[in-house]
Amino acid sequence: MNTSKFSKRWIFIVPILLAIFLLRAPNQSALARFRGEYRPSQILVQLDPLSGATIDDLNADYSTTTLQTFSLSTNIYLLQIPTGEDAKDFAELLNADLRTFFAEPDFIGQTPEAHRRGIWGWGGQDPTPLGEQYALEALNIPAAHTLSQGAGTVVAVLDTGVQLDHPNLVGVLTTTGYDFVDNDPLPNDEFNGLDDEIVPGSAGGHGTHVAGIVHLTAPAAQIMPLRILDPDGRGDVSTLIEAIKYAVDHGADVINLSLGTPDKSDALKTVIRYATQNGVVVVAAAGNLETSQKEYPAATQCALAVTSVGPGGIKTDFANYGKWISFAAPGEGIYSTFPISGYAWWSGTSMAVPFVAGQAALISSLDSSLNPRQIAMLIGGTAVSLDEINPDFDGELGLGQPDIEASLLVLLSGNLPTSNRGLMSSSCVTTP
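Just so you know, we're using my numbering here: the sequence shown kicks off at 44 and counts up by one.
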């Protein structure tokens, strides 16, 4: 990764008056945060609305080209930078320009399970274990289904795609799915069981597995499959932004993000807030690196960060932890749908996320007037603390393991929680 200082030739590209009046000292803490991979030739930029500048002004001064405009509460622009320049250095340069609110590389994220290969086990075509696994009783899902099954809700799964003709899923997939990798309306999960080293265990099938868990939790909910990751489980932030906006604009009630990046992204923060302010719950994976280091978008203020526990509520060895976690749900040895028309066991925080996404759908189905913050407070207000049985992670597994039945019973009682208990703030659901 190129971390060299800016080339002196930029002194001559930026007009002298611009250099005097429109540059600020780089924010060193912000610049140091760039730790992961990114697209080398493109950056994401948001203009300061108070500056009065346009993106055309910026393009003229920096020889950049607008590749895409994301129309959120304020526009975010994907820019092509000049040939030979590095995106990290260029983002630093634009961050020093008072006309920008932020500039950052187009970070590359991935499924947490892409960090550790070979952790799924083929289960053949037998669906029987779906209803026999520990996660169902741990979350009180069977009892919850007597109260709600998620009818009338849509959960968008942004992932590697979904096997569109899987017999367990074919009846619940929306017609609004889209493939943002191949730019076509067929978000099929591409899977051959091999990674680039010809070793079983690629991230192909990941989206199908995640979608199956959503369906297991909220069987009457519709699933919107949005393919944003390649078969290795990798994709960039600009594609994620496009897909989140698409999900919001096409009627999603919940967005499942079983993916992440170690880099804090202002662009992701903006689009997550766009989703929640438009009534969509966003649930994301905490990561599988057994660290307290934050993973994004899970750690953004308006998302719900979910880590993994196994039987008995014991923290899974690989699962991330920390004060930024919202909840801990079963993610160890989860049985779910898998290509091709089969089933598999898989472990990861990715598997924990769809249980909470499904719970949000069950709640929304009972009362569609609730906003994402109220839904988060219902989940948090009825979760069971795991601190006592995980003393080494006291306060670092969020509010605990969700009790889905309890959250529905509290909703039906009309006694909704009034404290957010450290979850998303009111700004996540109110527009400026």
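We put the beta carbon where it would ideally sit given N, CA and C, even for glycine.
Given the structure is predicted, the values throughout are model-derived calculations rather than measurements.
Query: CB-CB under 8 Å to G480, same chain, minus the five flanking residues each way: which ones, in chain order?; Result: An answer regarding residue 480 cannot be provided, because it is not within the stretch 44 to 475 covered by the chain.
Query: Taking Cβ to Cβ, would you say V399 is nearer than 7 Å to A328?; Result: no
Query: How about T425 and S456: do their beta carbons lie closer than 7 Å?; Result: no
Query: Report yes or no: do three or more beta-carbon pairs, one from the stretch 123-132 and one from the stretch 211-226, lie closer than 8 Å?; Result: no
Query: What did DSSP end up calling G164 once you bin it into helix, strand or coil?; Result: strand
Query: By the three-class DSSP mapping on this structure, what secondary structure does A372 have?; Result: strand
Query: Please classify T343 as buried or exposed, where buried requires at least 16 other C-beta atoms within 10 Å of its C-beta.; Result: buried
Query: With burial defined as no fewer than 16 other Cβ atoms inside 10 Å of the residue's Cβ, what is the status of W389: buried or exposed?; Result: buried
Query: Over what stretch of residues does the alpha helix (DSSP H) that includes E135 continue unbroken?; Result: A130 to N138
Query: Whole angstroms are fine: how far does the CA of D275 sit from the CA of L87?; Result: 24 Å
Query: Taking all protein chains shown into account, decide if S407 is buried (16 or more other Cβ within 10 angstroms of its Cβ) or exposed.; Result: buried
Query: Where does E135 land, buried or exposed, given buried means 16+ other C-beta within 10 angstroms?; Result: buried
Query: Using 10 angstroms around the beta-carbon of N458, count the other beta-carbons present and answer buried if the total reaches 16, otherwise exposed.; Result: exposed
Query: Looking only at C-alpha atoms, which of R464, I315 and T251 sits nearest to F381?; Result: T251
Query: What's the call for V472, buried or exposed, on a 16-neighbour Cβ count within 10 Å?; Result: buried
Query: Taking the beta strand (DSSP E) that D149 belongs to, which residues open and close that run?; Result: T143 to Q153
Query: Just confirm the distance between the C-beta atoms of E147 and D309, as a whole number of angstroms; I'd bet it's less than 8 Å.; Result: 6 Å
Query: Report buried or exposed for E233, applying the criterion of at least 16 other Cβ atoms within 10 angstroms of its Cβ.; Result: buried
Query: Just list the beta strand (DSSP E) runs in the stretch 247-321, keeping only unbroken ones of 3 residues or longer that don't cross its boundaries, in chain order.; Result: 265-270, 277-279 and 297-300
Query: Given a cut-off of 7 Å on the beta-carbon distance, is the pair G152 and G391 in contact?; Result: no
Query: Quick one: grab the DSSP three-state call for I124.; Result: coil
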